[in-house]
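Okay, so here's the structure we're looking at.
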Amino acid sequence: MIERVSESPIKRIAALIEAVKANDLYLHDDNVKAIMVSLVILNEINENHFSFILMDMYENQPTLFINALKKTTEFRYYLDILNGEIKSLDVH
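Residue numbering for the sequence shown follows this note's numbering, beginning at 1229 and increasing consecutively.
Printed below as a string of structure tokens:
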């Protein structure tokens, strides 16, 4: 069973959402979300680098790795959290 989400992933997701908006990327794009989730999972990456890494990954889109990542339980777990955060933004 997966434990309750700590504040850290939620904080990282919020920072990533801001970076996506700042770079005029489409928040609902599946590849953008996959890149965001990978940055949540790789918690050793400093949030100050999110904008640069998002743009680099978006421009290069390593499809093979993104598709492999999408098959993991951890990816689906954080994607559900990300989708919940995005949905709450759409309501406001």
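Backbone N, C-alpha and C fix where the C-beta goes; we use that ideal spot for every residue, glycine too. No experiment lies behind these values; they were computed from the predicted model shown.
Between glutamine 1289 and asparagine 1311, the C-beta gap is not smaller than 8 angstroms, which leaves the two residues out of contact. A Cβ-Cβ separation of about 12 angstroms leaves arginine 1304 out of contact with valine 1268 under the 8 angstroms criterion.
Rounded to whole angstroms, the separation of the alpha carbons of threonine 1301 and leucine 1282 is 22 angstroms.
Across the structure, proline 1237 and leucine 1307 are spaced so that their CA atoms are roughly 11 angstroms apart. Counting the other Cβ atoms within 10 Å of the Cβ of leucine 1270 gives fewer than 16, which makes it exposed. A residue is called buried when at least 16 other Cβ atoms come within 10 angstroms of its Cβ; serine 1266 meets this threshold and is buried.
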